[in-house]
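Numbering-wise, the sequence shown is residues 144 to 436 according to this note's numbering.
The beta carbon of each residue, even a glycine, is placed where N, CA and C say it ideally should be.
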Amino acid sequence: MERWRTFQPELMPGLKTFLILGRVTRLPTIWSNCLAGWLLSGGGNPIDLLLLCGGASCFYLGGVFLNDACDANFDRNQKRDRPIPAGDIELPTVLMMSVGWFLVGLLLLVSLGKGPAIMAVLLLANIVLFNACHHIFPLSPVLMAACRFLLYLMAGTVAAEGLNGLTIWSGLALGAYVTGVSYLSRKEAAPQLLRHWICALLAIPIVLAMIANGPGFRGIASLISLGLAAWILWCLRYTYVIEHRNIGHTVEGLWAGIVLVDMLAVAGSSYLAIVFLLWFVATLLFQRVAPAA
């Protein structure tokens, strides 16, 4: 396993800079959020789903580019290998690219109608707020979770049946999971302050699945829940079990687990399980090429 983690293919410098800035390792989790929220609200026109995924991807890329721009001074002291402090790209260029991604994403999402447009504006505002204050605001993991929650809501407004209770509750469960992952990510620099109780948030999607799924779907939901629980425990061992803890490995694994959380949310759509599994594997493969940290 450790040998696999050290494998990183060689890439052209410019391409690698873009992949690192764009944290492309987590893009499949954006697509799985969109698909899950869309299915929970009745599905609908596949073209709308593609536009949703495209717009959400642009928002994600704009957000992570903005993150590097806002963190440029911090990275010069703490993460000198990031593209801006390493001299691989200039700060104004990163800012312009961020704005460009946001504009393209906004155009795509506004084209889907009034409901998605409102959600897009709220999501964009939340992304900017998170990047502006995540180093000084202790509850910034909640802002990160709100981005994923709003993505579920936006997917629901695009779908045929519109927002419903299950979409909202599933989005909240995903938000709880993301809050836990984000909290662990914040503790990479201060592992001695780590609290165990926060990990209970990671189990909330499993609890919701057991409550929400009726007899017809409880079997498949139980199988997916077991897989998700096993993955969470496997990732947490890098932080809580092994002698030389590595919170970074835990965090990256748990980010990939978002795809499994989405698959659990739509356990009734078992015919699409292969899509979620492929995105899960893609996330793990991307981590070998361009780590998101």
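Ranked by Cα distance from L376, the options I270, L345, F360 are led by L345.
Residue range 308-329 is occupied by the alpha helix (DSSP H) that includes T310.
Distance from the CA of C213 to the CA of F273, rounded to the nearest whole angstrom, comes to 10 Å. A direct Cα-Cα distance of roughly 19 Å separates G362 from A179. Per DSSP, R225 lies in no alpha helix (DSSP H) segment and is marked neither H nor E. Taking 7 Å as the cut-off, the beta carbon of S200 is found closer than this to the beta carbon of I173. Counting other Cβ atoms within 10 Å of its Cβ, A289 reaches 16 or more and is therefore classed as buried. Taking a C-beta distance under 7 Å as the contact criterion, V402 and F419 qualify as a contact pair.
Exclusion of the five residues before and after L309 leaves L183, A355 as the residues of its chain whose Cβ lies within less than 7 Å of its Cβ. Cβ contact annotation for G243 (same chain, cutoff 8 Å, sequence separation greater than five): G205, in chain order. When the Cα atoms are used, L366 and A352 turn out to be separated by approximately 11 Å. For L204, the enclosing alpha helix (DSSP H) covers residues 189-213. When rounded, the separation of the alpha-carbon atoms in Y203 and A416 is 24 Å.
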